[in-house]
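Peer 1: In the numbering used here, the protein residues as written are 475 to 1695. Think of the CB as a built atom: it goes at the ideal place given N, C-alpha and C, for glycine as much as any other residue. Bear in mind that the values here come from a model prediction, so they are computed numbers and not experimental data. Sharing a structure, written as structure tokens. Questions coming.
What follows is the structure, encoded as structure tokens:
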């Protein structure tokens, strides 16, 4: 009765509780007091979370999720979220996981409580519970959760439901990032999903592997054949995009891969209509062609195809496609510039696009398209865009790109530096503000210093620029080009011998208006005015003009005091020094001595450029500590601490700032309007105020009468000149462009004349008339001769400085570094995933119990010792061979097998011993001969090194001396002649024929699932033998007490399982089914039927195929790596009581071939091999150990076996007999 009342109360509470809709509606209705309303709602939510009803808690958590999205902290309810996550009802569970995915992170304390709960949900029979757990887990994955749940997630990869397999594959990526040690053991299963019958699972596997390979592509090179098959068969564009991106990363690692990719990629480029796929195909083709160094004779057709397709993208109206087309075109430009240069007109059109990002991308393309022939034309068009540019950012980018184009590779493409000087001068007169004045200044200095032949022209142009700087002052100040005056003054002063009138120039440089320039420019003006003065004085003294000398001294004496009074210390110091020297020179001149020699001596020699890193390259002298005080630091005293200055701290400034803001907030709108009206009245009545935007006045009669509207015109008005101001003496870049075009026409005509003369001599008059009508073509690039030569001046470095610039910054540890591992090498014991185990609790034993158990233990020990003494000598020797004689295993013709069989990349099962790249080499080669095994000679060094290690181990051990001597004698005898054995067997598949008829053939293969102790996977290969299509294939077996087929949920034990594919005529496909087994000790036979519908154009008929499925005991074995020490411990531990021995008669079977068969078909791994004997190991999925010793005997070999399960051992030996007979 109490329970019923409690339920009724809970349902009534749910009726009156607010749900999420009520919360959202209330927040919208309380806009003015939203914070207060939400605080009351939070109190209600806290009360709801204290109740026992799961529905009320879920409702409360749902509302918290919404509040969290509004920015409120709900981390205090983390434990309540876990309670909702553990609810049995799916709707509540989904709310809990949604809240956890939004709020949980690595530092959440309660995450440790979720491990078992998530594991339970992952193993749920309802796939939606497992799916919601996987989705939530991906958002709050931590290293601990990844380590504890990796086995459960991997088991879901083998689920019969594609819905779960797809999510398990996707979340594996998050697991690998959080727990990198899981990648190696989980990679084989992930690789199997690339061939999953469900396209969603296949797409998920492709995404995960492509993301892993994005940072470490070399580890996934062996998967190239599988991805190539997917690329040529898949119709999913997004999967193709991922695969093509992966191939683009793999191609630089394996250039042979590019030859395979060219044809399918070009086919995709021709056929696809998806622009995204087209773009990725073009990118990969570019990457492939770049990787070709040799071996690809002609690929111009592929390049032309890519460029034509990219032109279509660039001409598209979609701005995104246009940007991508330009981006891909820039990649082609790096390797094949001529293919892109033919589309120069299209790139120049993009400079007029409205989108600034497209214009910038077109600029980058023009940078790579420049040559000696088209440099002037491209720069001319770019300068036109500079004048029309909207926005300072794009204008700055144009200016920097012009300078970068011209100065690249030490001015490689400039043929006339007079043209470049005029271009730089014209750039200083561009309208609009720019931040590249210093860049233009540095270019003027660099050209004048490096190109010696251009110095006279540069000095003359800079002199004209400085003499007319008063006309350009306002424009230079507005555009930020005042830095150019710095370079102009330096060039005129440093190369004063090329200045025509130094007197007037240095007078202009010391004019009073110069004081309005930046201080560092004033300092350079003063310094270089002194150089011009020295040149003028030298000319005056050479002409014996004393009056001019006195005049020059007086000019300096009158103009320099203005600069001495400057507030800048640099300007003041330089002006004072120059003025002092001038006064001293005036006194010397009054005595009748010449002063020009002294001034010229001050500026004797040239200044070479200094390397940018010269300061940091100065070696620190021994014993010099740059961080130590030169003098002892001054001691602070009380008098010094008391200062008359009132310094304000940062806190005081902040206080004043916020106090001002508070005062501003107090002013009402009416007061602000009154203050604004008063300010406007003051501006109108102030005659000295000039408005920034003068009012437009109407002009009716053709002229404007001053004061017509009551407004007097200001005395000075700024005139915006649209047409550039012409300065006499300054040349234009168009002049040099015309000269260059005319020069090339003349050279071309001369060359054509020479050709026609040669043809006349040879009697080829027929070509003359045709050549007259041809258009005038530009000369090739190599025929363009530069007018000026460039002298590359080495930058000066301090004495003892190193010229290496190895100052690379250390990169931070990348998240993907831990995932950089070899995925092809066999798994070792260290790679095993952690498994759950119960904690072993040691029970306390009383003293009496210990006394009673002691005699029984002593008796057992004595019996064991007697049994060991009774063993035969040859048996003891065999044991020693298994334990002590450790020998490395060689491959191929050496006759020895690797320690563990490698898994086949196509089927996912253990295959014949191969090197990691054997399959890839065979696939990349045109014939199978490239994948043939190497000769035995190639293994000689490995054998010799293994024998040396073998001898060292023998010398260290002190036991079994007689046995060691005999083995050494055998080894020394065998050293001169290597054992000759036939090539290894080519074992490629373990599929066994199951049944067939005229329509259908079925083969099967068993595969153990390492993570499942009672389940095995059986792969069935269905092949259509008929001429019609097979569909609706269903598979069914009769379950036994021991073995049963795991069917999808909702099917009874007698229902058939539908195979998720149909077969076209002649095609085959593979289906995976999972069987569970109670006992693994006996082989199982299951009867079953395959039903299918055979359909042709007219009708469809149903057929069936009966079969008997045989599951041997070897189906449950796993090829496990086992080292020699572990194998020795296993044999000596006494945990393998069951022993058995057989002899196999097989005179035609070589010992090495028998080893290959046993390892491949029975899933054993080789522990060690010594001459004609070898030790093998395998374990079952229920951790049963099976150890074998094979010894070569006449007409066959003998097998000694040990295990901890007698029936399993006997059945394995029977299979071994049948296999080798």
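If we ignore side chains and look at the alpha-carbon of each, how far apart do residue 788 and residue 763 end up?
Peer 2: Mapped onto the chain shown, residue 788 falls at position 314. Mapped onto the chain shown, residue 763 falls at position 289. One C-alpha to the other measures close to 22 Å.
Peer 1: Apart from the five residues just before and just after residue 1326, which ones in its own chain have a Cβ nearer than 6 Å to its Cβ?
Peer 2: Residue mapping note: residue 1326 aligns to position 852 of the chain shown, counting from 1. With a pLDDT of 47 at residue 1326, under the threshold of 50, the modelled position of this residue cannot be trusted; read the value that follows with caution. Closer than 6 Å at Cβ, skipping near neighbours: no residue.
Peer 1: Please report the straight-line C-alpha distance between residue 753 and residue 760, rounded to a whole angstrom.
Peer 2: Here the question's residue 753 lines up with position 279 in the chain shown. Here the question's residue 760 lines up with position 286 in the chain shown. Residue 753 and residue 760: Cα-Cα distance of roughly 11 Å.
Peer 1: Here's the rule: buried if 16 or more other CB atoms are within 10 angstroms of the residue's CB, otherwise exposed. What is residue 1282?
Peer 2: Here residue 1282 corresponds to residue number 808 of the chain shown, with the count starting at 1. Any reading at residue 1282 is ruled out, since the residue's pLDDT is 40, under 50, leaving its predicted position unreliable.
Peer 1: Any heavy atom of the ligand ADP closer than 7 Å to the beta-carbon of residue 1078?
Peer 2: Ligands are entirely absent from the displayed structure, and the ligand ADP is therefore not among its contents.
Peer 1: Under the three-state reduction of DSSP, which class applies to residue 1154: helix, strand or coil?
Peer 2: Along the chain shown, one-based indexing puts residue 1154 at 680. The answer is helix: DSSP assigns residue 1154 an H, G or I state.
Peer 1: Can you list, in chain order, the residues of its chain with a C-beta nearer than 8 Å to that of residue 893? Leave out the 5 residues immediately preceding and following it.
Peer 2: Taking the first residue of the chain shown as position 1, residue 893 is located at position 419. Cβ within range, chain order: 850, 1207, 1210, 1211, 1214.
Peer 1: Go through its chain and collect everything with a Cβ distance to residue 558's Cβ below 8 Å, but skip five positions before and after it.
Peer 2: Taking the chain shown and counting its residues from 1, the one referred to as residue 558 is at position 84. Counting only residues of its own chain and dropping the five nearest sequence neighbours on each side, residue 558 has a CB closer than 8 Å to the CB of 528, 531, 532, 535, 566, 567, 569, 570, 573.
Peer 1: Pull up the distance between the alpha-carbon of residue 1654 and that of residue 1513, whole angstroms please.
Peer 2: Here the question's residue 1654 lines up with position 1180 in the chain shown. Here the question's residue 1513 lines up with position 1039 in the chain shown. Whole-angstrom Cα-Cα distance: 22 Å.
Peer 1: Could you pull out every residue in the same chain whose Cβ sits closer than 7 Å to the Cβ of residue 1280, ignoring the five residues on either side in sequence?
Peer 2: For the purposes of this step, residue 1280 is taken as residue 806 along the chain shown, with counting starting at 1. Any reading at residue 1280 must be qualified, since the residue scores a pLDDT of 44, below 50, and its modelled position is unreliable; the value itself is stated next. None.
Peer 1: Note down, in chain order, each residue of its chain lying with its Cβ closer than 6 Å to the Cβ of residue 713, except the 5 sequence neighbours on either side.
Peer 2: Counting from one through the chain shown, the residue named residue 713 turns up at place 239. 677, 680.
Peer 1: Tell me the DSSP bridge mates of residue 1481?
Peer 2: Locating residue 1481 in the chain shown gives position 1007, counting from the first residue. Paired residue(s): 1491.
Peer 1: Use the C-beta contact count for residue 1152: other C-beta atoms within 10 angstroms, 16 or more gives buried, fewer gives exposed.
Peer 2: Taking the first residue of the chain shown as 1, we reach residue 1152 at position 678. Looking at its Cβ environment, which holds fewer than 16 other Cβ atoms inside 10 Å, residue 1152 is exposed.
Peer 1: By how many angstroms is the C-alpha of residue 1486 removed from the C-alpha of residue 625?
Peer 2: Here residue 625 is taken as the residue at index 151 of the chain shown, counted from 1. Here residue 1486 is taken as the residue at index 1012 of the chain shown, counted from 1. The straight-line gap from Cα to Cα measures roughly 10 Å.
Peer 1: Let's test the definition: count the other Cβ atoms within 10 Å of the Cβ of residue 1549 and tell me whether it reaches 16, buried, or not, exposed.
Peer 2: Here the question's residue 1549 lines up with position 1075 in the chain shown. Per the 10 Å Cβ criterion, buried.
Peer 1: Consult DSSP for residue 1466 and reduce its assignment to one of helix, strand or coil.
Peer 2: For the purposes of this step, residue 1466 is taken as residue 992 along the chain shown, with counting starting at 1. Three-state result, residue 1466: strand.
Peer 1: For residue 554, count neighbouring Cβ atoms within 10 angstroms of its own Cβ and tell me buried if that reaches 16, exposed if not.
Peer 2: For the purposes of this step, residue 554 is taken as the residue at position 80 of the chain shown. Buried.
Peer 1: Helix, strand or coil for residue 435 per DSSP?
Peer 2: Residue 435 falls outside the range modelled here, since the chain spans only 475 to 1695, and no answer is possible.
Peer 1: Once DSSP output is grouped into helix, strand and coil, what is the label at residue 755?
Peer 2: Along the chain shown, read from residue 1 onward, the residue named residue 755 stands at position 281. Note: residue 755 maps to helix in three-state DSSP.
Peer 1: Use the C-beta contact count for residue 1538: other C-beta atoms within 10 angstroms, 16 or more gives buried, fewer gives exposed.
Peer 2: Residue 1538 sits at position 1064 when you count from the first residue of the chain shown. By the 10 Å Cβ count, residue 1538 comes out exposed.
Peer 1: Tell me whether residue 1016 sits in a helix, a strand or coil according to DSSP, three-state version.
Peer 2: Position 542 of the chain shown, counting from 1, holds the residue named residue 1016. Three-state result, residue 1016: helix.
Peer 1: In whole angstroms, what is the alpha-carbon distance linking residue 1107 and residue 1098?
Peer 2: Counted from its first residue, the chain shown places residue 1107 at position 633. Counted from its first residue, the chain shown places residue 1098 at position 624. Rounded to whole angstroms, residue 1107 to residue 1098 spans 18 Å at the Cα level.
Peer 1: Let me check understanding here. Comparing Cα to Cα, which of 977, 697, 1646, 1592 lies closest to residue 1483?
Peer 2: Residue numbering aside, residue 1483 sits at position 1009 when the chain shown is read from its first letter. If we check each option's Cα against that of residue 1483, 1592 comes out closest.
Peer 1: Compare the Cα-Cα distances from residue 617 to each of 653, 586, 936, 600 and report the closest residue.
Peer 2: Position 143 of the chain shown, counting from 1, holds the residue named residue 617. Taking only the C-alpha atoms, the option nearest residue 617 is 653.
Peer 1: Who does residue 1580 pair with in a DSSP beta bridge?
Peer 2: Here residue 1580 is taken as the residue at index 1106 of the chain shown, counted from 1. In the DSSP output, where bridge partners are listed per residue, residue 1580 has 1563.
Peer 1: For residue 977, which beta-bridge partners are listed by DSSP?
Peer 2: For the purposes of this step, residue 977 is identified with residue 503 of the chain shown, where counting begins at 1. Bridge partners of residue 977: none, in fact.
Peer 1: Suppose you measure from the CA of residue 831 to the CA of residue 804; what does that come to, to the nearest Å?
Peer 2: Start at 1 with the first residue of the chain shown, and residue 831 comes out as number 357. Start at 1 with the first residue of the chain shown, and residue 804 comes out as number 330. About 14 Å.
Peer 1: How many whole angstroms separate the CB atoms of residue 1536 and residue 1503, which I take to be in contact at a CB cut-off of 8 Å?
Peer 2: As a position in the chain shown, residue 1536 is number 1062, starting the count at 1. As a position in the chain shown, residue 1503 is number 1029, starting the count at 1. Indeed, because the Cβ distance is near 6 Å, the residues count as touching under 8 Å.
Peer 1: In this structure, what does DSSP give as the bridge partners for residue 1558?
Peer 2: Along the chain shown, one-based indexing puts residue 1558 at 1084. BP columns for residue 1558 point to 1585.
Peer 1: Could you give the residue range of the alpha helix (DSSP H) that holds residue 800?
Peer 2: If you number the chain shown from 1, residue 800 lands on position 326. Its alpha helix (DSSP H) spans residues 793 to 809.
Peer 1: Judging by CA-CA distance, which residue of 854, 1003, 1078, 1008 is the nearest neighbour of residue 1037?
Peer 2: On the chain shown, position 563 is the one that residue 1037 refers to. Among 854, 1003, 1078, 1008, the Cα nearest to that of residue 1037 is on 1003.
Peer 1: Please give me, in chain order, every unbroken run of the beta strand (DSSP E) with length at least 3 that falls completely inside the region 1591 to 1657.
Peer 2: 1612 to 1619, 1639 to 1644, 1647 to 1654
Peer 1: Are residue 1581 and residue 1663 touching if we call contact CB-CB under 8 Å?
Peer 2: Counting from one through the chain shown, the residue named residue 1581 turns up at place 1107. Counting from one through the chain shown, the residue named residue 1663 turns up at place 1189. Contact flag unset, no.
Peer 1: Hey, quick one: how far does the beta strand (DSSP E) through residue 1508 stretch, first residue to last?
Peer 2: By one-based count along the chain shown, residue 1508 stands at place 1034. Looking at the DSSP string, the run of the beta strand (DSSP E) that includes residue 1508 is 1503 to 1511.
Peer 1: Taking the C-alpha atoms as reference points, what is the distance between residue 1583 and residue 1637?
Peer 2: The residue given as residue 1583 occupies position 1109 in the chain shown. The residue given as residue 1637 occupies position 1163 in the chain shown. In a straight line, the C-alpha of residue 1583 is about 20 Å away from that of residue 1637.
Peer 1: How big is the Cα-Cα spacing for residue 586 and residue 612?
Peer 2: Within the chain shown, numbered from 1, the residue matching residue 586 stands at position 112. Within the chain shown, numbered from 1, the residue matching residue 612 stands at position 138. Straight-line Cα distance between these residues: approximately 16 Å.
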